[in-house]
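Residue numbers (the numbering used here), protein chains in the order written: chain A, 1 to 573; chain B, 1 to 346.
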Amino acid sequence: MSLRADRLRSTFKKPTWRAALFWLLPALFLGVFFYQPLLAIFNLLISPEWGFAPSTLNWSQVWQPLRFTAFQATLSTLLTLLVGLPSAWLFARFTFPGKKTLKLLSTLPFILPTVVVAAGFNALLGPRGWLNLGLMALFNLDSPPVQFLNTFGAILTAHVFYNTTIIIRVVSNAWSRQNVRIQQAARVLGASPWRTFREVTLPLLRPAILSATLLVFLFNFTSFGVILMLGGPQFATLEVDIYIQAMHLLNLPLAAILSILQLICTLIITVGHNHLNRKTSQTISTRSRNMPVRRPKRGVETFIVVVLVITLFTLLVSPLAALALRSVVKLDANRGERGEIEQGFTLQYYTALWENPRNSLFYVPPIEAGRNSLVFALITIAIAISLGILVAYGQNQPSRLNAFLDPLLMLPLGASAITLGLGFIIVFNKPPFSTLTFPILLPIAHSLIALPFVVRTLGPALQSIPASLRNAARVLGARPFRVWWEVDLPLMAPSILVSMIFALTISLGEFGASSFLTRPQFPTLPIAIYRYISQPGALNYGQALAMSTLLMLVCAAGIFLIERLRLPDMEIF
Amino acid sequence: MLTIHQVEKTYEGQPLLKKVSFTVQNDETVCLLGSSGSGKSTLLRIIAGLEDAEGGSVTWDGQDLTNIPVHEREFGLMFQDYALFPHRNVTENIAFGLRMQGLPKEVIKKKVNAALETIHMTTFAKRKVTELSGGEQQRVALARALAPEPRLLMLDEPLGALDRTLREQLSQELRRILRETQVPAIYVTHDQEEAFAIADRLLLLHDGVILQDGKPHEIYHHPHNVWVAKFFGLGNLVAGHVIDHNPLIVETPVGRFLADSTGQPEPLGETTLLFRPGKAQIVPEGETNRITGEVIDQIFQGDRYLVTLNINETQPNFQVLLQEPHPIGEMLTVSYQPKDLLCLEN
Chain A
1 MSLRADRLRS TFKKPTWRAA LFWLLPALFL GVFFYQPLLA IFNLLISPEW
51 GFAPSTLNWS QVWQPLRFTA FQATLSTLLT LLVGLPSAWL FARFTFPGKK
101 TLKLLSTLPF ILPTVVVAAG FNALLGPRGW LNLGLMALFN LDSPPVQFLN
151 TFGAILTAHV FYNTTIIIRV VSNAWSRQNV RIQQAARVLG ASPWRTFREV
201 TLPLLRPAIL SATLLVFLFN FTSFGVILML GGPQFATLEV DIYIQAMHLL
251 NLPLAAILSI LQLICTLIIT VGHNHLNRKT SQTISTRSRN MPVRRPKRGV
301 ETFIVVVLVI TLFTLLVSPL AALALRSVVK LDANRGERGE IEQGFTLQYY
351 TALWENPRNS LFYVPPIEAG RNSLVFALIT IAIAISLGIL VAYGQNQPSR
401 LNAFLDPLLM LPLGASAITL GLGFIIVFNK PPFSTLTFPI LLPIAHSLIA
451 LPFVVRTLGP ALQSIPASLR NAARVLGARP FRVWWEVDLP LMAPSILVSM
501 IFALTISLGE FGASSFLTRP QFPTLPIAIY RYISQPGALN YGQALAMSTL
551 LMLVCAAGIF LIERLRLPDM EIF
Chain B
1 MLTIHQVEKT YEGQPLLKKV SFTVQNDETV CLLGSSGSGK STLLRIIAGL
51 EDAEGGSVTW DGQDLTNIPV HEREFGLMFQ DYALFPHRNV TENIAFGLRM
101 QGLPKEVIKK KVNAALETIH MTTFAKRKVT ELSGGEQQRV ALARALAPEP
151 RLLMLDEPLG ALDRTLREQL SQELRRILRE TQVPAIYVTH DQEEAFAIAD
201 RLLLLHDGVI LQDGKPHEIY HHPHNVWVAK FFGLGNLVAG HVIDHNPLIV
251 ETPVGRFLAD STGQPEPLGE TTLLFRPGKA QIVPEGETNR ITGEVIDQIF
301 QGDRYLVTLN INETQPNFQV LLQEPHPIGE MLTVSYQPKD LLCLEN
């Protein structure tokens, strides 16, 4: 071997070079499709061509949505804690019939698309939902008595539905992992159960509770689909306002200001959350004994447990069951249908998905939206998994380069889908790179949203492969590619599958960026649902619910599969 | 034959291996003995090709291995944590190296079965490795390393993760397997009993240098320097200086002693005398090489007593092994024969 080749080989061996090589493609991708749009939003404010001047701005247009966003996020978070903390206690301390089912159900909201949840609450409490139709039939009313849609309560309810899971997961995990001997020590030292809880258990839980609370607050702060579909136009949060200003009022500079404000807020929350998480990740000694679970004692304890279980079941199941049932039952008249209608079980809404009536909203059968969504989702999976694997390997190199590149990847976590959508329509507005001529922009946006989840799944999986396994394979005669093929790949396979499901469900259900980037001739399922559900006529409503149900089933299958594949040390949050 | 020549390595700027040289003959088991941090595992990894040496060379039968990648060296390495592939069962783990050699399926099957028999685990063939006990994992790791018939087997603290009884049992079995297969082996450990049980030859590694190289009993009976004597816990070490060479006389704070000079490098000036506890004798008055102190402690050890003497402030804990008990507070005199007193390099 020549001296030069020798030097080249030793240079390539240096972790920094290898890290750089792995990072090259992901960094390029993030640069073009994330940082460029982000910079374009900033640029919008300083470039003269938009004629933006701070003096002409009506600042109340900025402060009001910010105030409302913070207000609704705070209130939603408090309500979520109210339901979530007792539930976390329930899961951490007790066994009870149906616990497994309830636990599985509680994972559902995490992955369900906002349109599906909105459609679920619509089918339960909306003007054409079970409750109102039932009351109307019962008391012979002409109009729906319960006004749920377009109320502040609807937003709060949906947020509690969504985020209780997070509190339960994070807090009950931390709770059940507490070393029971620490509490036993407190009891032996003379503390009453309540005193032990207050002075030992709770302080130890505090970081987990804070971390979960901040995460819930972040999700509430950036909530878009729920607010748009359940709250209606009078409840404009930052996200909804960005969308309205950009897409309906074409006031891009105001949208940009709101976006930047939103970005700053979410970044602060994200950084705070990460900081907290770093503090909580303390190693637990191998000799610790985890908290045992037991049956509730007779009396008050049983009563509380039963009430909690029923509340959780109702909260989690009722909107989803209402959705699925409502999609196969005909209760009101189709558009243009007159006189008596035949009520009862029907598959009409499903079969109609394949039809293309003249008055269709998109001039294509609605099922086309499903096909589009599927194609976009597959592209998203391909992009997100390839980039995710590269990033995971880059992060796994012992190089200082990672200290600079890791935060680069974290930023997309803080930026919302709406900001991304806004940035995209500002940057990619001319052929050949416009949403019209370059439909792959949508899956690219989806990939950016999915990428942090993919990296968070693949990264730990890769890191958990001991170097000695690779070394063993090498010593036994495997060449480098063979080592990867025989050791890395099979050991990462479950995590790759989990990431693929994440990418799939995120893409299928994504609503925020899609509402900016979807073109009428290529609707995705959530966009189609959004359009159909507000149309008059039982058929349109029914089709929206049918599509939502299909989407819900796919996502539910996905999360159940993830639960089955869940590796022992995997944490999504 | 493996030849290590002047191998150097630094770790975080500190020298870890300082021009280490030794050879391993074709049918011998060499034990690399040293405390943790002595660089013994690193040396193994350099031989395996998992790490690059910063100087010197590793050759096999005269062929320089520097540019031979790990997977072409045909060496076997048994890892400290065994590194069994968790996604493969016992059979698949053992078959891995054979598959890499591209052998036909039938041959692989036969060799795996033979390997399973060697480690007495034929009934475990389809078991998941994650369900095995520590000792079973250890045996599978050994079978996996041996199955491809490596030209050299390296074992990195193979019994380190096991408890004491299992360790003694398995070191017997390891000995048998190494004898049967006749594969040249390098065995890394920090446990001297393990090393004595396994090794044909011992290499004592300390501070990146091989301090002594020889058969286990040679090293035990003739340690070259103070560190070796301390490492093996050979006995009381008393610093002194040579005042005469023929006969060899050493002056120490606890007296003047006639010492053994055969087979030792010529000691000059400062030296250290080794008083083995077991060599102390109770003899009548008048003998030379006497040492007197107050009994301050004694421990019953079954067939004898470990007695601690306070000689003076330089030797407050001088230990001797005696047949008879001696009450605490007694002034006791013991003596040593000149042939039992070794002069060590400092």
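In this text, a Cβ means the ideal position worked out from N, Cα and C, and glycines have one as well.
Item: For A:P452 and B:M1, the rounded distance between their alpha carbons; Value: 52 Å
Item: Supposed contact pair A:V226 and A:A118 - C-beta distance, whole angstroms, cut 8 Å; Value: 6 Å
Item: Classification of A:A137 by the beta-carbon crowding that lies within 10 angstroms, buried from 16 upward; Value: exposed
Item: A:P480, enclosing alpha helix (DSSP H) - first and last residue; Value: P480 to V483
Item: Under 7 Å by beta carbon: chain A residues contacting B:G354; Value: What the structure shows of chain B is the stretch from 1 to 346, and residue 354 of chain B is not part of that stretch, so it cannot be assessed.
Item: When A:Y532, A:P412, A:A20 and A:R456 are compared against A:T266, the one with the closest alpha-carbon; Value: A:P412
Item: Inter-residue spacing [alpha-carbon to alpha-carbon] between A:L44 and A:I527; Value: 27 Å
Item: Between the CA atoms of A:N220 and A:F197 - distance to the nearest angstrom; Value: 29 Å
Item: First through last residue of the beta strand (DSSP E) which encompasses B:V183; Value: Looking at the DSSP string, B:V183 is not in any beta strand (DSSP E), and its letter there is neither H nor E.
Item: Residues bridged to B:P15 [DSSP beta-bridge criterion]; Value: B:T10
Item: Within chain B, partners of A:N471 - CB distance below 9 Å; Value: R45, A48, L50, V70, L77, F79 and A83
Item: Distance between B:N310 and B:T292 (C-alpha atoms, nearest Å); Value: 8 Å
Item: Under the three-state DSSP convention, the category A:R278 falls into; Value: helix
Item: Within-8 Å CB hit, A:P490 to chain B; Value: yes
Item: Residue-chain proximity (B:Q101, chain A), Cβ-Cβ < 8 Å; Value: yes
Item: C-beta neighbour in chain A for B:V104, strict 8 Å; Value: Correcting the residue identity first, residue 104 of chain B is Pro in this sequence and not Val. Closer than 8 Å: no.
Item: Identified DSSP bridge partners for B:L237; Value: B:L274
Item: 9 Å Cβ cut-off: residues of chain B touching A:S468; Value: F79, Q80, D81, Y82 and A83
Item: Contact the segment 528–545 of chain A vs the segment 73–91 of chain A: 3+ CB pairs below 8 Å; Value: no
Item: Proximal residues to B:N346 (C-beta, below 8 Å), its chain only, five neighbours per side dropped; Value: N225, V226, A239, E270, T271 and T272
Item: Cβ of B:P184 within 8 Å of any chain A Cβ; Value: no
Item: Residues of its chain near A:R294, where Cβ-Cβ distance is below 8 Å and the 5 sequence neighbours each way are ignored; Value: R93, F94 and T95
Item: Backbone secondary structure at B:Q319 - three-state DSSP; Value: strand
Item: B:R45 - containing beta strand (DSSP E), residue span; Value: That residue, B:R45, is in no beta strand (DSSP E); its alpha helix (DSSP H) goes K40 to A48.
Item: Sequence-distant residues of its chain with Cβ nearer than 8 Å to A:L476 (five each side left out); Value: none
Item: Terminal residues of the alpha helix (DSSP H) in which A:W59 lies; Value: Premise fails: A:W59 is in no alpha helix (DSSP H) and is neither H nor E.
Item: Own chain, CB closer than 8 Å to A:P109, minus 5 neighbours either side, in chain order; Value: V117, F161, Y162, N163, T164, T165 and L316
Item: A:N251 (DSSP reduced to helix, strand or coil); Value: coil
Item: A:W194 classed as buried or exposed, judged by whether at least 16 other C-beta atoms fall within 10 angstroms; Value: exposed
Item: Identity of the residue in B:S38, B:E92, B:V228 and B:M154 nearest B:P15 by Cα; Value: B:S38
Item: Contact belief for B:E74 with B:R144 at Cβ below 8 Å, rounded distance in angstroms; Value: 15 Å between Cβ atoms; not a contact.
Item: Beta-carbon gap between A:L238 and A:P65 smaller than 8 Å; Value: yes
Item: contact_flag[the segment 175–190 of chain B, the segment 22–38 of chain B] where n(CB pairs < 8 Å) is 3 or more; Value: yes
Item: Inter-residue Cα distance where the pair is A:S394 and A:W23; Value: The question names Ser, but residue 394 of chain A in the sequence shown is Gly. Taking the straight line from one Cα to the other gives about 6 Å.
Item: Selected residue, minimal CA-CA separation from A:T505, among A:L553, A:R470 and A:S468; Value: A:L553
Item: A:K330 - DSSP class collapsed to helix/strand/coil; Value: strand
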